[in-house]
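Here the UniProt record's numbering is used: position 137 in the sequence shown is 137, and no number is missing along the way.
Beta carbons: idealized from backbone N, C-alpha and C, even for Gly.
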Amino acid sequence: MIAGGALLFSGACASAQTALQESADVNPSVLARVGGFSRDRNVGVLERPRPQYATAGIRVGGFQLLPAIVGRAEHTDNLYATSRDEVSDTIFHIQPAVLFQSDWSSHYVAAFGNAHWRLHADNSSEDTTEWLVGVKGRLDIRRDAVAAAGASYEQQVEPRSSTGSPAGAASPVKYKLARFNTGAVKNFNRLRVTGKIAVQDFVYDNVRSVTGGEIYQKDRSNTQVVGTARAEYAISPAASMFVEVSADNRNFRKPQPGFVERDSSGYEVTVGANFEYRLLRGEARIGRIEQNYDDAAFGDVKGLSVNGRVTYYITPLTNISLNTARSVEDAAITGAGGYLMTSNTVRLDHELLRNLVLNAEAGYQTDDYRGIDRNDKEKRLAVGATYLLTRAVAVRGRFERLKVDSSGVSARPSFDDNRAVMSLYYQF
């Protein structure tokens, strides 16, 4: 799916979004971009510093406290993501967040937390609460060697438009998610070696049906462990080639009575390039991806792996980005092991004024299920604008259209959904 809130430029909006989107994820590869791995020739619209609209937060010794709050009003014309008898509603969002981080010349530690309340004007059964707490840190061993780690615990709610949202549920599905990530990178002149381990533990709750029964969701609870290794060689100051290998194990703990578990293991092997040439910057990799299920009842998922992001800096005020990704996702449907997800997104950002940025994006995603007869196609269009009023206040507007077409014997209902959102950001 398109990340509707991804990447906001500096100022109150960016500070608030930083606290809201902070996570335990670590990417050590980008922590040591020196020598032939530096990619800073071009500065994008969303990356450009705007000191007149930036906030320093609250200084506490060698630390920085960044509290923020975001209020949103959102209108949807298809709250339950249904193909007929659509229900419209207005949703009010309240999102407080805080980030407490070090401001040291070397090393880094941070603690963060946020909450998200959704309040519906007409359908209070859809009201939800999400929250997250976590810590992360970075150890600068040497200029050419960095290690990092992070951990978080959160409660999330699955959107009604999600591919795994069960039909007939009286309320959205809730789940808990614990994350742990650690990684390190070492540069050897032109060679850079990176390693990373990521652990995610999902715990799903059953949900009531509209008829009063219970829809079993605990079979989706699982633990995922992913290990990734990458070797990258700088062929010039502006380009490098790499080989990346990852392996994962997915362990499901509570199968639905009478059904088998979806335990699996998989791997991905890719080769690619990271570059910045004139007005282009990006990374692309291609290879093979495969997920093998322990039980023969599920068909293995395998195919071509294609991932990349390329940005074209048309002018200093306009840039366009293309993202493509392919991964194996676990199905939330009884009888299916997984599906191959392929997504493509294009986004345009334009700085109309120093404190006003316009954006537009379009996305297309396919979910190709294995083991059952189902194929989903998702199209998404969105336009938006962000306006910085002061150092502390920003306003953002966005309109988004989602169209999902599902086919096959096990298809979900196809639907359209139009959403308009107005957001107010405040950084203390």
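Item                                                                                                                                                                             : Value
Within the same chain, show all residues whose beta-carbon is closer than 7 angstroms to that of Leu7, passing over the 5 residues directly before and after it, in chain order. : Reliability fails at Leu7, whose pLDDT of 38 lies under 50, so the model's placement of it is uncertain and the value that follows must be treated cautiously. The residues are Leu46.
Could you check the C-alpha separation between Arg50 and Arg281 for me, to the nearest Å?                                                                                        : 22 angstroms
Using the rule of at least 16 other Cβ atoms within 10 Å of the residue's Cβ for burial, across every protein chain shown, is Gln365 buried or exposed?                          : buried
Contact between the stretch 98 to 115 and the stretch 72 to 84 is defined here as three or more beta-carbon pairs at a separation below 8 angstroms; is this criterion met?      : no
Hey, how far is the Cα of Gly183 from the Cα of Leu119?                                                                                                                          : 39 angstroms
Could you give the DSSP three-state label for Arg208: helix, strand or coil?                                                                                                     : strand
Answer yes or no: do Ala284 and Gly308 have a C-beta to C-beta separation smaller than 7 angstroms?                                                                              : yes
Take Glu261 and list the residues in its own chain whose beta-carbon comes closer than 6 angstroms to its own, dropping the five residues that flank it on each side.            : Phe252 and Pro255
Here's the rule: buried if 16 or more other CB atoms are within 10 angstroms of the residue's CB, otherwise exposed. What is Glu407?                                             : First, the residue type needs correcting, since residue 407 is Ser and not Glu in the sequence shown. It counts as exposed.
Taking Cβ to Cβ, would you say Asp373 is nearer than 7 angstroms to Ser414?                                                                                                      : no
By Cβ distance below 6 angstroms, which residues in the same chain neighbour Lys186 in space, the five residues on each side in sequence not counted?                            : Ala145 and Val193
Measuring CA to CA, which of Gln291, Val306, Asp25 and Asp295 is closest to Asn271?                                                                                              : Per the sequence shown, the amino acid found at residue 271 is Val instead of Asn. Nearest of Gln291, Val306, Asp25 and Asp295 to Val271, Cα basis: Val306.
DSSP on Phe37, reduced to helix/strand/coil?                                                                                                                                     : helix
In angstroms, rounded to a whole number, what distance separates the CA positions of Ala198 and Phe180?                                                                          : 6 angstroms
Ordered along the chain, which non-local residues of its own chain (more than five positions away) have a Cβ less than 8 angstroms from that of His350?                          : Val45, Leu317, Thr318, Val357, Leu358 and Asn359
Between the Cα of Asp122 and those of His116, Gly113, Thr76 and Val70, spot the shortest distance and give me the residue it belongs to.                                         : Thr76
What separation, rounded to the nearest whole angstrom, lies between the Cα atoms of Arg398 and Pro257?                                                                          : 44 angstroms
How many Å lie between Ala3 and Thr128 at the Cα?                                                                                                                                : Residue confidence for Ala3 is low, a pLDDT of 36 falling below 50, so the modelled location carries little weight; the figure read from the coordinates is stated next. When rounded, the distance between both Cα atoms is 20 angstroms.
Would you be able to state if there are at least three C-beta pairs under 8 angstroms between the stretch 165 to 175 and the stretch 135 to 152?                                 : no
Enumerate in chain order the residues of its own chain whose CB-to-CB distance from Ala178 is below 7 angstroms, with the five nearest sequence positions on each side excluded. : Tyr153 and Asp201
Starting from Arg250 and walking both ways along the beta strand (DSSP E), at which residues does that stretch end?                                                              : Ala239 to Phe252
Where does the unbroken beta strand (DSSP E) through Glu264 begin, and where does it stop?                                                                                       : For the record, residue 264 in the displayed sequence is Ser; it is not Glu. Run containing Ser264: Ser264 to Tyr277, per the beta strand (DSSP E) assignment.
Decide if Thr386 is buried, meaning its Cβ has at least 16 other Cβ atoms within 10 Å, or exposed.                                                                               : buried
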